[in-house]
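J.: If you're matching them up, the sequences are chains A and B in order. Residue 6 is where the first sequence starts when you use the numbering used here, and the numbers rise one by one after that. Residue 6 is where the second sequence starts when you use the numbering used here, and the numbers rise one by one after that. Have a look at this one before I ask anything.
2 protein chains.
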Amino acid sequence: MSSPATTPDPLPPPSTPDCPRPLRADAVRNRACILAAAREVFAERGTEAHAEEIARRAGLGVGTLYRHFPDKEAVARAVLEHKVEEVKAFIEAECLPDPDPWAALVRVFRNAGSEQAEDRGWADAVSAALGDDPAMCLHRERLTPPVMELVRRGQAAGVVRDDLRDEDLFGLFCGLSAVARSGQDWERYLAVVLAGLRAGGDR
Amino acid sequence: MSSPATTPDPLPPPSTPDCPRPLRADAVRNRACILAAAREVFAERGTEAHAEEIARRAGLGVGTLYRHFPDKEAVARAVLEHKVEEVKAFIEAECLPDPDPWAALVRVFRNAGSEQAEDRGWADAVSAALGDDPAMCLHRERLTPPVMELVRRGQAAGVVRDDLRDEDLFGLFCGLSAVARSGQDWERYLAVVLAGLRAGGDR
DNA sequence: CTAGAATGTGAAGCAAGATTCCGATTCAGC
DNA sequence: GCTGAATCGGAATCTTGCTTCACATTCTAG
């Protein structure tokens, strides 16, 4: 079926779907620089970050940025992807294992608050997660399950209010993002929300 | 000091600070059209509303819009002003008189939720109120007092949690705005927040 | 009814950013 | 160290939306 190994394939390495061809070493390095810079800039400026600033911060020209990504949104998506994995990892490593579901849930919210306070882009993304842009909803799907798992455990233990659906949860995070983004004291806001989540506080 | 009354003042009516000169009848009418259109468009599109669309919806050219307002932001301010008065009037007429401070507070929040769900511009403004743009903070100053008055009464009656400062309150409204704006079910969100506001639910 | 000021128009001018383009540079295999 | 393909750079281009302007139209006082 394939040509004898002795004759080097005249075509570039057959482009497998996930690795069309090995990137040149410098290109790999630069791509990483762009992503690192983008993480910084999005964290500072949120969705409004400028492509130019990302490139400059990476020590590269805009053209290079556009060689690696089709447009600015793609960069944002890549950065978001990274953040989601980070947060997911935190929840799975630091919260899910906790035998006390309430303490674990509190830790999830605290983490969300501090991350959002420090990363405007992340706060923007969480706010946008309620919208209808599919790219922005992706992380909602990715993070809801582990958090709901904790909620369910809490409800089983009788410490979390019984009515509470997926969407409500994201609504709360969304509110938190609005407060955290603004430099407001999100801990106080969180205190109220947590009190509200606790079982029995119902009106 | 002034010239005899018999000689009509050759100058246009001395421009008093608040009424430089009487506007022409059609100008008054058009200004009102612009504001009405602006209210609609800002309600639909929020801060992103286009000057052009406002003018078109008013049945006028953009130039006319700019004859009446120095820039788009001035239009937004005027619209905001109107909304703030409306909300303030609602609180003073429908909530402050209520002898039950908790019921009154709930009504304030419900009103906020439904207004924000129907008026994207208002939701945006509330979110922005935590920022540092003075024009956007103005309504915070205007609405905080009456609401805090209710909070204080509630605290005195022992139905509202004791620690609760001005800023916290706006944080909660800000969160509500994020949820309401997104078409999410803000009533559920509110249920949690209200449970959290209630005295005794503390962790 | 008429003149002249006040208004209304919307095309043209600008500004800010995103994206493209193509010559200049750098890598990787020989 | 050579050569051609892959990359880089950043000025030029395009897009979008705000704002201005010179001229046309409409009011209002006389």
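Built from N, CA and C at the ideal position, the CB exists for glycine as well. Nothing here was measured: the structure is a model prediction, and the numbers come from that model.
Can you name the start and end residues of the alpha helix (DSSP H) that Phe-114 (chain A) belongs to?
T.: Along the first sequence, read from residue 1 onward, the residue named residue 114 (chain A) stands at position 109. Element bounds for Phe-114 (chain A): 106-123.
J.: Near Pro-106 (chain B), what residues of its chain come up, given a Cβ to Cβ distance below 6 Å and the 5 sequence neighbours on each side ignored?
T.: By 1-based counting over the second sequence, the position of residue 106 (chain B) is 101. Correct list, in chain order: Leu-155, Arg-158, Gly-159, Ala-162.
J.: Taking 8 Å as the threshold (C-beta atoms), are Ala-204 (chain A) and Arg-166 (chain A) in contact?
T.: Position 161 of the first sequence, counted from the first residue, corresponds to residue 166 (chain A). Position 199 of the first sequence, counted from the first residue, corresponds to residue 204 (chain A). The answer is yes: Cβ separation under 8 Å.
J.: Do the segment 177-190 of chain A and the segment 111-129 of chain A make contact, defined as three or more Cβ pairs closer than 8 Å?
T.: Yes, since at least three Cβ pairs between the segment 177-190 of chain A and the segment 111-129 of chain A fall closer than 8 Å, the two stretches touch.
J.: Terminal residues of the continuous alpha helix (DSSP H) containing Asp-138 (chain A)?
T.: Taking the first sequence and counting its residues from 1, the one referred to as residue 138 (chain A) is at position 133. Element bounds for Asp-138 (chain A): n/a, residue is neither H nor E.
J.: Let me see if you follow: with CB-CB separation under 8 Å, is Ala-200 (chain A) close to chain B or not?
T.: Looking up residue 200 (chain A) in the first sequence gives position 195. Interface residue, yes.
J.: Anyone know if the C-beta pair for Ala-32 (chain B) and Ile-59 (chain B) falls short of 8 Å?
T.: The count along the second sequence starts at 1 and reaches residue 32 (chain B) at position 27. The count along the second sequence starts at 1 and reaches residue 59 (chain B) at position 54. No; because the gap between Cβ atoms is not below 8 Å, this pair is not in contact.
J.: Measuring straight from C-alpha to C-alpha, what distance separates Gly-68 (chain B) and Arg-50 (chain A)?
T.: Here residue 68 (chain B) refers to the residue found at position 63 of the second sequence. Here residue 50 (chain A) refers to the residue found at position 45 of the first sequence. Rounded to the nearest angstrom, the two C-alpha atoms are 33 Å apart.
J.: If you drop the 5 nearest sequence neighbours on each side, which residues of the same chain put their C-beta closer than 6 Å to that of Phe-47 (chain A)?
T.: One-based indexing of the first sequence puts residue 47 (chain A) at position 42. Around Phe-47 (chain A): Ala-54, Val-84, Gly-126.
J.: Between B:Ile-39, B:Glu-78, B:Tyr-71, B:Arg-29, which has its C-alpha nearest Asp-138 (chain B)'s C-alpha?
T.: If you number the second sequence from 1, residue 138 (chain B) lands on position 133. Answer by Cα proximity: B:Glu-78.
J.: Return the chain-ordered list of same chain residues with a C-beta closer than 6 Å to the C-beta of Tyr-194 (chain A), the five sequence neighbours on each side being excluded.
T.: If you number the first sequence from 1, residue 194 (chain A) lands on position 189. Cβ within range, chain order: Val-184.
J.: Let me confirm a value: Leu-148 (chain B) is counted as buried when at least 16 other C-beta atoms fall within 10 Å, else exposed. Which label applies?
T.: Locating residue 148 (chain B) in the second sequence gives position 143, where the first residue counts as 1. Buried.
J.: From the beta carbon of Arg-208 (chain A), is the nearest beta carbon of chain B less than 8 Å away?
T.: Here residue 208 (chain A) refers to the residue found at position 203 of the first sequence. Note that Arg-208 (chain A) scores a pLDDT of 49, beneath 50, so its modelled location is shaky; the value from the coordinates is reported in the next line. Cβ-Cβ to chain B under 8 Å: yes for Arg-208 (chain A).
J.: Listing by chain order, which chain A residues have their CB less than 8 Å from the CB of Gly-51 (chain B)?
T.: Within the second sequence, the letter at position 46 stands for residue 51 (chain B). Those do not exist, as Gly-51 (chain B) stays about 12 Å from chain A at its closest Cβ, beyond 8 Å.
J.: Is Gln-189 (chain B) close to chain A, meaning its C-beta is less than 8 Å from at least one C-beta of that chain?
T.: Sequence index remark: in the second sequence, residue 189 (chain B) carries index 184 (1-based). Output row for Gln-189 (chain B): interface = yes.
J.: Chain B partners of Asp-173 (chain A), CB-CB under 8 Å?
T.: Translated into the one-based positions of the first sequence, residue 173 (chain A) becomes position 168. What Asp-173 (chain A) touches in chain B: Asp-190, Arg-193, Tyr-194, Val-197.
J.: Return the CA-CA distance between Glu-91 (chain B) and Trp-191 (chain B), expressed in angstroms with no decimal places.
T.: As a first step, residue 91 (chain B) must be located in the second sequence, where it is residue number 86. As a first step, residue 191 (chain B) must be located in the second sequence, where it is residue number 186. Answer to the nearest angstrom: the Cα atoms are 21 Å apart.
J.: Using beta-carbon positions only, say whether Phe-175 (chain B) and Leu-202 (chain B) come within less than 8 Å of one another.
T.: Within the second sequence, residue 175 (chain B) is the residue found at index 170, counting from 1. Within the second sequence, residue 202 (chain B) is the residue found at index 197, counting from 1. Against a cut-off of 8 Å, the Cβ pair of Leu-202 (chain B) and Phe-175 (chain B) comes out as no contact.
J.: So for Pro-17 (chain B), helix, strand or coil by DSSP?
T.: The residue labelled residue 17 (chain B) in the question sits at position 12 within the second sequence. Unreliable placement is indicated for Pro-17 (chain B), whose pLDDT of 40 sits below 50; no coordinate value is reported for it.
J.: Quick one: is Arg-44 (chain B) buried, meaning 16 or more other Cβ sit within 10 Å of its Cβ, or exposed?
T.: Position 39 of the second sequence holds residue 44 (chain B). Flag for Arg-44 (chain B) reads buried.
J.: Report the neighbours of Gly-136 (chain B) on chain A: residues whose CB is nearer than 7 Å to its CB, in chain order.
T.: Here residue 136 (chain B) refers to the residue found at position 131 of the second sequence. Residues of chain A passing the Cβ test: Ser-187.
J.: Rounded to whole angstroms, what's the CA-CA distance from Leu-199 (chain A) to Asp-129 (chain A)? Just pull it up for me.
T.: Indexing the first sequence from 1 puts residue 199 (chain A) at position 194. Indexing the first sequence from 1 puts residue 129 (chain A) at position 124. About 22 Å.
J.: Would DSSP call Val-165 (chain A) helix, strand or coil?
T.: For the purposes of this step, residue 165 (chain A) is taken as the residue at position 160 of the first sequence. Here Val-165 (chain A) sits in strand by DSSP.
J.: Tell me which residue opens and which closes the alpha helix (DSSP H) that Ala-94 (chain B) is part of.
T.: As a working note, residue 94 (chain B) is residue 89 in the second sequence. Ala-94 (chain B) -> alpha helix (DSSP H) spans 77-95.
J.: Tell me, please, whether the CB atom of Leu-177 (chain A) is closer than 8 Å to any CB atom in chain B?
T.: Position 172 of the first sequence, counted from the start, is the residue given in the question as residue 177 (chain A). Yes, contact with chain B.
J.: Would you kindly report the start and end of the unbroken alpha helix (DSSP H) that includes Ser-187 (chain A)?
T.: On the first sequence, position 182 is the one that residue 187 (chain A) refers to. Ser-187 (chain A) -> no alpha helix (DSSP H), and no H or E assigned at all.
J.: Select from the segment 134-162 of chain A all residues with a C-beta closer than 9 Å to any C-beta belonging to chain B, and list them in chain order.
T.: Those residues of the segment 134-162 of chain A that come within reach of chain B (Cβ to Cβ, closer than 9 Å) are Ala-134, Leu-135, Gly-136, Asp-137.
J.: Specify, as a first and last residue, the run of the alpha helix (DSSP H) that Phe-47 (chain B) falls within.
T.: Here residue 47 (chain B) is taken as the residue at index 42 of the second sequence, counted from 1. Per DSSP, Phe-47 (chain B) belongs to the alpha helix (DSSP H) from 30-50.
J.: Closest to Glu-99 (chain A) by CA distance: which of A:Met-141, A:Arg-112, A:Met-153 is it?
T.: For this step, residue 99 (chain A) is matched to residue 94 along the first sequence. Cα-wise, what sits closest to Glu-99 (chain A) is A:Arg-112.
J.: Identify which residue in B:Leu-65, B:Ala-109, B:Ala-56 has its Cα closest to the Cα of Pro-151 (chain B).
T.: Along the second sequence, one-based indexing puts residue 151 (chain B) at 146. Taking only the C-alpha atoms, the option nearest Pro-151 (chain B) is B:Ala-109.
J.: Which one or two residues does DSSP pair with Arg-203 (chain B) in a beta bridge?
T.: Residue 203 (chain B) sits at position 198 when you count from the first residue of the second sequence. DSSP, once it has assigned bridges, lists B:Val-165 as partnering Arg-203 (chain B).
J.: Output the boundary residues of the alpha helix (DSSP H) element that contains Leu-101 (chain B).
T.: Within the second sequence, residue 101 (chain B) is the residue found at index 96, counting from 1. Segment: none, Leu-101 (chain B) is in no alpha helix (DSSP H) and carries neither H nor E.
J.: Measure how close the beta-carbons of Ala-63 (chain B) and Cys-38 (chain B) come, nearest whole angstrom, since I'm counting them as under 8 Å.
T.: What you label residue 63 (chain B) is simply residue 58 of the second sequence in a count that begins at 1. What you label residue 38 (chain B) is simply residue 33 of the second sequence in a count that begins at 1. Contact flag correct, Cβ pair sits at about 4 Å.
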